[in-house]
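Novice: Quick note, my numbering runs 214 ahead of the 1-based positions in the sequence shown. Beta carbons are placed, not taken as given, at the ideal position from N, Cα and C, and that holds for glycine. This structure is a prediction, so every number in the text was calculated from the model and none was measured. Sharing a structure here in structure tokens format.
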Amino acid sequence: MNYIKRFSLVKRKFDMRNPRVSIVLINWNCYQDTAECVAALRKSAYRNFEIVVVDNASTDGSAERIEKEIRGIILIKSRDNLGWAGGTNLGVRDALKRGADYVLLLNADAFVEPDAIEKMVAKAESSPDIGLVSAALYYYKSRRLQHCGAEIDWEHCKIKETLDINKTNSLSSDRLWIWFTAALVNRKVIDAVGFFEERYFCYCEDQEYSIRAQRAGFRIAVAQDAKVFHRCHEIDVGGFDKLPLYFYFYVTRNDLFFFRKYSPKKIRFYRNYLKKIITGVAYKQKEGMGDVVDAYLDGLYCGFKGIDGRWDKAKKMPRWIRKFIVSHPNFCLDMLNGDVMKILKSRFHVNTATGIN
Numbered sequence: 215m216n217y218i219k220r221f222s223l224v225k226r227k228f229d230m231r232n233p234r235v236s237i238v239l240i241n242w243n244c245y246q247d248t249a250e251c252v253a254a255l256r257k258s259a260y261r262n263f264e265i266v267v268v269d270n271a272s273t274d275g276s277a278e279r280i281e282k283e284i285r286g287i288i289l290i291k292s293r294d295n296l297g298w299a300g301g302t303n304l305g306v307r308d309a310l311k312r313g314a315d316y317v318l319l320l321n322a323d324a325f326v327e328p329d330a331i332e333k334m335v336a337k338a339e340s341s342p343d344i345g346l347v348s349a350a351l352y353y354y355k356s357r358r359l360q361h362c363g364a365e366i367d368w369e370h371c372k373i374k375e376t377l378d379i380n381k382t383n384s385l386s387s388d389r390l391w392i393w394f395t396a397a398l399v400n401r402k403v404i405d406a407v408g409f410f411e412e413r414y415f416c417y418c419e420d421q422e423y424s425i426r427a428q429r430a431g432f433r434i435a436v437a438q439d440a441k442v443f444h445r446c447h448e449i450d451v452g453g454f455d456k457l458p459l460y461f462y463f464y465v466t467r468n469d470l471f472f473f474r475k476y477s478p479k480k481i482r483f484y485r486n487y488l489k490k491i492i493t494g495v496a497y498k499q500k501e502g503m504g505d506v507v508d509a510y511l512d513g514l515y516c517g518f519k520g521i522d523g524r525w526d527k528a529k530k531m532p533r534w535i536r537k538f539i540v541s542h543p544n545f546c547l548d549m550l551n552g553d554v555m556k557i558l559k560s561r562f563h564v565n566t567a568t569g570i571n
């Protein structure tokens with residue numbers, strides 16, 4: 215056997231043990247996060263990977279700094295901000311052309327431990343039906359567990375986080391959902407179900423993709439010993455008040471898109487969904503957070519109108535509807551709960567014992 219053939223056989227065996235991983239991350243006005251994320255990746259014990267950075271039309275000079283200062287990566291510059299879904303699709307398509315066996319989707323503000331990729335790949339390779347693998351996510355500063363798998367509660371149309379690393383394996387396989395903050399996707403899944411739903415723009419596209427993968431016959435798993443630390447707007451040290459306004463808009467709208475499409479009990483979903491939004495509106499209004507209230511209600515409006523993609527701030531809930539919801543949240547909740555006597559008592563001052571005004 216000549217040396218070239220022997221080298222080819224050795225290389226093939228190496229590649230079978232160490233699949234090719236393309237790591238795709240999105241940069242949007244966050245050069246420092248991206249630089250630190252790439253630095254952490256370069257300390258990985260797993261070596262058979264490449265890094266693809268998609269700059270999502272940053273306006274702060276990030277793309278130019280990345281091109282100049284971060285070597286050894288593949289940089290894709292998008293002329294438009296395509297959101298997480300569209301930007302990730304750009305990177306994933308490029309990764310597949312380069313022959314990736316797996317695509318590791320990683321947020322720019324998420325930092326892997328040196329052995330995390332190795333453990334995620336090992337988990338993915340442990341069974342041929344595993345299509346998606348999440349790392350265990352921890353808050354960056356406090357080091358508290360943030361995510362290790364969640365269940366979609368179809369009965370009440372909500373997401374239930376586990377937050378117990380020891381219970382991850384007991385989650386119902388047909389309801390399991392993972393964040394794509396740090397998620398390894400087998401190429402076979404992409405070939406089978408396609409790319410991310412770009413109408414979501416950002417948020418909730420990971421739960422939608424999880425469902426599509428499951429329904430195509432793939433299993434979802436969590437590599438419990440693979441640690442990734444996530445800054446996530448520093449909400450672990452400052453509370454949810456640190457979340458940007460667009461978070462409230464996109465989650466409100468995209469939850470409606472998701473459950474309206476996949477929920478087996480549509481009427482129950484609409485009732486529970488509206489109760490959740492109106493409760494949130496009442497709380498934020500009481501706290502004096504009118505801008506968050508607007509984001510909630512505009513997300514609600516755009517969801518029902520089917521207005522997808524990037525948040526168009528000119529598309530707003532009509533003023534009279536907004537005023538009614540903000541002024542009468544308890545009445546709206548009583549209506550949704552079907553509490554007729556409570557409505558009569560509070561609105562028309564009916565004596566419920568005698569029925570007399």
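I need the straight-line Cα distance from I287 to E448, nearest angstrom please.
Specialist: Spanning the two alpha carbons is a distance of roughly 27 angstroms.
Novice: With G452 as the anchor, note down where its alpha helix (DSSP H) starts and where it stops.
Specialist: That run of the alpha helix (DSSP H) goes I449 to G452.
Novice: Put W415 into one of helix, strand or coil per three-state DSSP.
Specialist: For the record, residue 415 in the displayed sequence is Phe; it is not Trp. It is coil, neither helix nor strand.
Novice: DSSP three-state label for L289, please.
Specialist: Three-state result, L289: strand.
Novice: How long is the line joining the alpha carbons of V540 and L488, rounded to whole angstroms?
Specialist: In a straight line, the C-alpha of V540 is about 13 angstroms away from that of L488.
Novice: Just the C-alpha distance for I379 and K537, rounded to the nearest angstrom, thanks.
Specialist: Roughly 44 angstroms between the two C-alpha positions.
Novice: Mapping DSSP to helix, strand and coil, what is Y352?
Specialist: Looking at Y352 - three-state DSSP - the assignment turns out to be strand.
Novice: Between the alpha carbons of I570 and R482, how many angstroms are there, rounded?
Specialist: Unreliable positioning characterises I570 in this predicted model, as indicated by a pLDDT of 40, which lies under 50. The coordinate reading is nonetheless provided below. Straight-line Cα distance between these residues: approximately 34 angstroms.
Novice: Ignoring anything shorter than 4 residues, give me the alpha helix (DSSP H) runs that lie fully in the stretch 352–409, in order along the chain.
Specialist: Correct list: 401–407.
Novice: Pair every Cβ in the stretch 454–463 with every Cβ in the stretch 353–373, then say whether three or more of these pairs are closer than 8 angstroms.
Specialist: Segments in contact, no.
Novice: Under 7 angstroms: does the beta carbon of Y354 sit that close to some heavy atom of the ligand ATP?
Specialist: This structure lacks the ligand ATP; in fact it carries no ligand of any kind.
Novice: Compare the beta carbon distance of V436 and G363 with 8 angstroms and say whether it is the shorter of the two.
Specialist: Yes, these two residues count as a Cβ contact at 8 angstroms.
Novice: Excluding five sequence neighbours on each side, which residues of the same chain lie with their C-beta closer than 6 angstroms to the C-beta of F221?
Specialist: Legend: pLDDT at F221 = 45, less than 50; position of this residue unreliable, no value from coordinates given.
Novice: Buried or exposed: T566, going by 16 or more other Cβ atoms within 10 Å of its Cβ?
Specialist: Residue confidence for T566 is low, a pLDDT of 43 falling below 50, so the modelled location carries little weight; the figure read from the coordinates is stated next. Under this definition T566 is an exposed residue.
Novice: How should Q246 be labelled, buried or exposed, when 16 other C-beta atoms within 10 angstroms of its C-beta is the threshold for buried?
Specialist: It is exposed - the Cβ of Q246 has fewer than 16 other Cβ atoms within 10 Å.
Novice: In the structure shown, what three-state DSSP assignment does L223 receive?
Specialist: For L223, the predicted structure reports a pLDDT of 43, less than 50, and the residue's modelled location is therefore unreliable. The matter cannot be settled from this model.
Novice: Is Y414 close to chain C, meaning its C-beta is less than 8 angstroms from at least one C-beta of that chain?
Specialist: Any reference to chain C falls outside this structure, which holds one protein chain only.
Novice: In whole angstroms, what is the alpha-carbon distance linking I492 and K498?
Specialist: Cα to Cα, the separation comes out at about 10 angstroms.
Novice: By Cβ distance below 8 angstroms, which residues in the same chain neighbour M230 in space, the five residues on each side in sequence not counted?
Specialist: Note on M230: pLDDT 48, under 50, position unreliable in the model; the coordinate value appears next. Excluding sequence neighbours, M230 sits near nothing in its chain.
Novice: Tell me whether T273 is buried or exposed, calling it buried when 16 or more other Cβ atoms sit within 10 Å of its Cβ.
Specialist: Exposed.
Novice: Around the Cβ of V451, are there at least 16 other Cβ atoms within 10 angstroms (buried) or fewer (exposed)?
Specialist: Classification of V451: exposed, given that the 10 Å Cβ count is below 16.
Novice: Give me the DSSP bridge partner(s) of I434.
Specialist: According to DSSP, I434 bridges with L346.
Novice: For N551, I'd like the list of residues in its chain whose CB is within less than 7 angstroms of its CB, leaving aside the five on either flank, ordered along the chain.
Specialist: Result list for N551: empty, nothing under 7 angstroms.
Novice: Anyone know if the C-beta pair for W391 and I373 falls short of 8 angstroms?
Specialist: The answer is yes: Cβ separation under 8 angstroms.
Novice: In the stretch 234–277, which residue ranges form an unbroken alpha helix (DSSP H) of at least 4 residues, counting only runs that do not cross its ends?
Specialist: Listed in chain order, they are 245–255.
Novice: Output needed for A299: all residues of its chain with C-beta closer than 7 angstroms, excluding positions within five of it in sequence on either side, in chain order.
Specialist: Same-chain partners within the cutoff: F410, E411, E412, Y414, F415, C416 and E419.
Novice: Name, in chain order, the residues that DSSP records as bridge partners for A324.
Specialist: In DSSP, A324 forms a bridge with H444.
Novice: Leaving out the 5 sequence neighbours to the left and right, which residues in its chain are closer than 6 angstroms to L385 when beta-carbon positions are compared?
Specialist: Here the set comprises G363 and E365.
Novice: So is H370 buried or exposed if we call it buried at 16+ other beta carbons inside 10 Å?
Specialist: The residue in question, H370, is exposed, as its Cβ has fewer than 16 Cβ neighbours within 10 Å.
Novice: According to DSSP, simplified to helix, strand and coil, what is D512?
Specialist: Three-state result, D512: helix.
Novice: Identify whether D420 lies in helix, strand or coil by the three-state DSSP scheme.
Specialist: Of the three classes helix, strand and coil, the one that applies to D420 here is helix, per DSSP.
Novice: Taking 8 angstroms as the cut-off, decide whether the C-beta atoms of D405 and K333 are in contact.
Specialist: It is not a contact, given that the beta carbons lie outside the stated cut-off.
Novice: Relative to the alpha-carbon of D308, which residue among K291, F545 and T382 has its alpha-carbon at the smallest distance?
Specialist: The shortest Cα separation from D308 among K291, F545 and T382 belongs to K291.
Novice: Please report the straight-line C-alpha distance between P233 and V347, rounded to a whole angstrom.
Specialist: The straight-line gap from Cα to Cα measures roughly 14 angstroms.
Novice: Which of the three DSSP states, helix, strand or coil, is assigned to L296?
Specialist: DSSP places L296 in coil when its eight states are reduced to three.
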